[in-house]
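**Q**
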Amino acid sequence: MQLSDWFSQVQYLHARREKGLHPVNEMNRFTILVCGLFCGICVSLPYTFDLYTTQLRDQFELSAGDLSTVSTVGLVFFFFLLPFSVIFEMFGPFANFMICLATGVIGTVGLAQTFSGAIPGNVTTISMFYAFLNLASGLIDTTYISTLFEVFPRNRGPVVCLAKVMTGLGSTIFACLSTTLFKGSLIGFIYFLCAFIAVVTVCASALIVLPLYYMNWWRLRGKSAEEVALLRTTKPLYEYKFVPVRRLIVGYAVVLTLIVFFTVETPVVSYVSRLPRSVELTIGVVVSLRAIALSYEASASERDASAGAAVADAMPTGGNASDPRYPGSTVLDYLKSLDLWLILLYMFCVSPMGIIMSYNGSTISIAKTGNPRSTQTAALYTAFIGLGNSVGRIAFGLFEAYVQHTKGLSGRRRVLVTAALFVSPTLATVGGVLLLVLPGKLILLPYIVVYIMNGFSAALQALIFTCLFESFHNTLYNMAFMVMVICVIVFNRLLFGMYVDMQHRKLRLSASQECNRAVCIETPFIVATCLAAGGLLVAGLAHVRYARFVARVQEWRPGASKPTKCCSPHSRP
Numbered sequence: 060m061q062l063s064d065w066f067s068q069v070q071y072l073h074a075r076r077e078k079g080l081h082p083v084n085e086m087n088r089f090t091i092l093v094c095g096l097f098c099g100i101c102v103s104l105p106y107t108f109d110l111y112t113t114q115l116r117d118q119f120e121l122s123a124g125d126l127s128t129v130s131t132v133g134l135v136f137f138f139f140l141l142p143f144s145v146i147f148e149m150f151g152p153f154a155n156f157m158i159c160l161a162t163g164v165i166g167t168v169g170l171a172q173t174f175s176g177a178i179p180g181n182v183t184t185i186s187m188f189y190a191f192l193n194l195a196s197g198l199i200d201t202t203y204i205s206t207l208f209e210v211f212p213r214n215r216g217p218v219v220c221l222a223k224v225m226t227g228l229g230s231t232i233f234a235c236l237s238t239t240l241f242k243g244s245l246i247g248f249i250y251f252l253c254a255f256i257a258v259v260t261v262c263a264s265a266l267i268v269l270p271l272y273y274m275n276w277w278r279l280r281g282k283s284a285e286e287v288a289l290l291r292t293t294k295p296l297y298e299y300k301f302v303p304v305r306r307l308i309v310g311y312a313v314v315l316t317l318i319v320f321f322t323v324e325t326p327v328v329s330y331v332s333r334l335p336r337s338v339e340l341t342i343g344v345v346v347s348l349r350a351i352a353l354s355y356e357a358s359a360s361e362r363d364a365s366a367g368a369a370v371a372d373a374m375p376t377g378g379n380a381s382d383p384r385y386p387g388s389t390v391l392d393y394l395k396s397l398d399l400w401l402i403l404l405y406m407f408c409v410s411p412m413g414i415i416m417s418y419n420g421s422t423i424s425i426a427k428t429g430n431p432r433s434t435q436t437a438a439l440y441t442a443f444i445g446l447g448n449s450v451g452r453i454a455f456g457l458f459e460a461y462v463q464h465t466k467g468l469s470g471r472r473r474v475l476v477t478a479a480l481f482v483s484p485t486l487a488t489v490g491g492v493l494l495l496v497l498p499g500k501l502i503l504l505p506y507i508v509v510y511i512m513n514g515f516s517a518a519l520q521a522l523i524f525t526c527l528f529e530s531f532h533n534t535l536y537n538m539a540f541m542v543m544v545i546c547v548i549v550f551n552r553l554l555f556g557m558y559v560d561m562q563h564r565k566l567r568l569s570a571s572q573e574c575n576r577a578v579c580i581e582t583p584f585i586v587a588t589c590l591a592a593g594g595l596l597v598a599g600l601a602h603v604r605y606a607r608f609v610a611r612v613q614e615w616r617p618g619a620s621k622p623t624k625c626c627s628p629h630s631r632p
């Protein structure tokens, strides 16, 4: 795409048609996907917090409550993104990526200067810079994911989950690099994160663009009604155009090789006491090369048939449309809907378990095992966060693809996507029970269960709004993040952080001693486990309501036995 065409969608569309090319440029979609994978790695930065905790505690004499405060403040900024929905809806992704560039650089440079002693290190300054870093990561997530929703509506499940898998693997990649290439150099590692964020956000701002049919305030400027109508005619092309299967297969193959590699590498680096420096450097180089290989996952070409440039020729003859979705012409329509609030309540029930365990891994391990805090243990848990998250995200992506391509004899889905709502609360309940009853030497098992749940839940959260609701996906996605803000404050700081500090005082431990008794963490996990069990009831109600909605819409429409397209924004069953 030429630079002039980047600003003029009409000119770009005319140029494609004059050349006899399909309006949907697969090269551009491929570039957006690859750039999205690296954005996914940036989003994993909050999961690396455990890599800093040992040095934070030792260098600045922070308590477990102080560490909880730092992580809570950061996570609030990571999830409090609803105001940026206005920017995205009006201007598109470019402005948000520029904000990510500024906040990411400020956060990483500030943290590095704090660790080096140039800036006084205390809870306030560390929380502030960590908040900047988290804001950049969270905004990258909601911006690139919301763009993928629109660019790949037909294959949103496999594509979005492939990108979200990289968020899971990102923490594993960073944990591996911190213990190999940057071993003993936390400041150097943070400056590396700064450079990585800067490169990714600059590339994303230029390459990740909304599809031609997506109209916002910025794009509507200076366009006639005929030009707007012309661009909107390309929407069916995106809705029915599949991503080349080979590209997805190669992409998932690269991801699976990374998962296998890290499954072997993580325990070795964590538990082998004297690993030669040459071996550590080799592992770091291999990780870097495997991550770079994402950009070469498949070749793209312009072999689109010229005859397919017309909209009519691109429309399918069979029924491949999605299930009906809840209609709504404004955000207020959805705010009045019980179904939206059920999904948000579901997330409130499921999220606490994953939040507590993901951001307090070392503290929980100390309480269950009695072993002291160490950099190797922190890297181990950070790496397994990535592996478990990746498995969970892949699982939901495969499930969503199965739902989209499986129909019964009547032409209706055998399974609805809301059936996936039961998985996360089940895993969270099982993980919580295992953590409470198993001895400390088996603590890794509940960790893995909850990490898989975390990945599955993150993928579901990213896709459920596009599957169930007709429009305003970016705003609804950010509303889910607001639920996460509440969960982080209530369960991570007020429940877990304050309870651990209270038990620390009850046991009369000194400031330098960790709370190393199981009683220090029992109550927060009992509460989180009970909430997860309650999430099963909410999931059942949401699933039944959606199943009835789908049945009503299909019976109301003419030819209800055939596969049907989603409801229009103004239609009512």
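Residue numbers (my numbering): 60 to 632. Ideal Cβ positions, reconstructed from N, Cα and C, are used throughout, including at glycine.
Confirm, please, whether the CB-CB distance from residue 220 to residue 453 is below 9 Å.
**A** Residue 220 is positioned such that its CB atom lies closer than 9 Å to that of residue 453.
**Q** I'd like to confirm the pairing. Which residues does DSSP put opposite residue 97 in its beta bridges?
**A** For residue 97, which the question treats as bridged, DSSP gives no partner whatsoever.
**Q** May I ask you to verify whether the stretch 210-220 touches the stretch 108-115, counting CB pairs closer than 8 Å and requiring at least 3?
**A** no
**Q** Please state if the CB of residue 614 and the CB of residue 526 are separated by a distance shorter than 9 Å.
**A** no
**Q** Sorted by chain position, which residues of the same chain lie with C-beta nearer than 8 Å to residue 714's C-beta, five sequence neighbours on each side aside?
**A** The structure shown does not extend to residue 714, since the chain spans only 60 to 632, so no value can be given for it.
**Q** Below 8 Å CB to CB, which residues in the same chain sit around residue 133 once its five sequence neighbours on both sides are set aside?
**A** 105, 108, 186, 189, 190, 192, 193
**Q** Kindly provide the ranges of any alpha helix (DSSP H) runs that are 4 or more residues long and lie completely inside the stretch 207-249, ordered along the chain.
**A** 215-238
**Q** Quick check: what's the CA-CA separation for residue 120 versus residue 314?
**A** 39 Å
**Q** Who are the Cβ neighbours of residue 99 in its own chain at under 7 Å, not counting the five residues just before and after it?
**A** 222, 223, 225, 226, 229
**Q** Does DSSP put residue 385 in a helix, in a strand, or in coil?
**A** strand
**Q** Please state if the CB of residue 69 and the CB of residue 401 are separated by a distance shorter than 9 Å.
**A** No, these two residues do not count as a Cβ contact at 9 Å.
**Q** Look up residue 524 in the DSSP assignment and say whether it is helix, strand or coil.
**A** Helix at residue 524.
**Q** Could you check whether residue 517 and residue 448 sit closer than 9 Å to each other, using their CB atoms as the reference points?
**A** yes
**Q** Report, in whole angstroms, the separation of the C-beta atoms of residue 198 and residue 140, which I expect to be a contact under 8 Å.
**A** 6 Å
**Q** Helix, strand or coil for residue 177 per DSSP?
**A** coil
**Q** Cβ atoms of residue 299 and residue 168: under 9 Å apart, would you say?
**A** no
**Q** Measure the alpha-carbon distance for residue 218 versus residue 389 and round it to whole angstroms.
**A** 27 Å
**Q** Roughly how many angstroms lie between the CA atoms of residue 157 and residue 318, to the nearest whole one?
**A** 32 Å
**Q** Tell me whether the stretch 242-257 and the stretch 270-280 touch, counting them as touching only if at least three CB pairs, one residue from each stretch, are closer than 8 Å.
**A** no
**Q** Per DSSP, what kind of secondary structure is residue 609 in: helix, strand or coil?
**A** helix
**Q** Where residue 497 and residue 585 are concerned, what is the direct C-alpha to C-alpha distance, given to the nearest angstrom?
**A** 14 Å
**Q** Could you tell me the distance, in whole angstroms, from the CA atom of residue 277 to the CA atom of residue 577?
**A** 55 Å
**Q** In angstroms, rounded to a whole number, what distance separates the CA positions of residue 73 and residue 81?
**A** 11 Å
**Q** Just to confirm, are residue 533 and residue 150 a CB contact at a threshold of 9 Å?
**A** no
**Q** Suppose the cutoff is 7 Å on Cβ atoms and the five residues either side in sequence are ignored; what does the same chain contact list for residue 78 look like?
**A** Hits under 7 Å: none found.
**Q** Would you report the Cα separation of residue 67 and residue 96, rounded to the nearest angstrom?
**A** 26 Å
**Q** Buried or exposed: residue 170, going by 16 or more other Cβ atoms within 10 Å of its Cβ?
**A** Flag for residue 170 reads buried.
**Q** Let me confirm a value: residue 565 is counted as buried when at least 16 other C-beta atoms fall within 10 Å, else exposed. Which label applies?
**A** exposed
**Q** Could you spell out where the alpha helix (DSSP H) holding residue 477 opens and where it closes?
**A** Unbroken run through residue 477: none, as it is neither H nor E.
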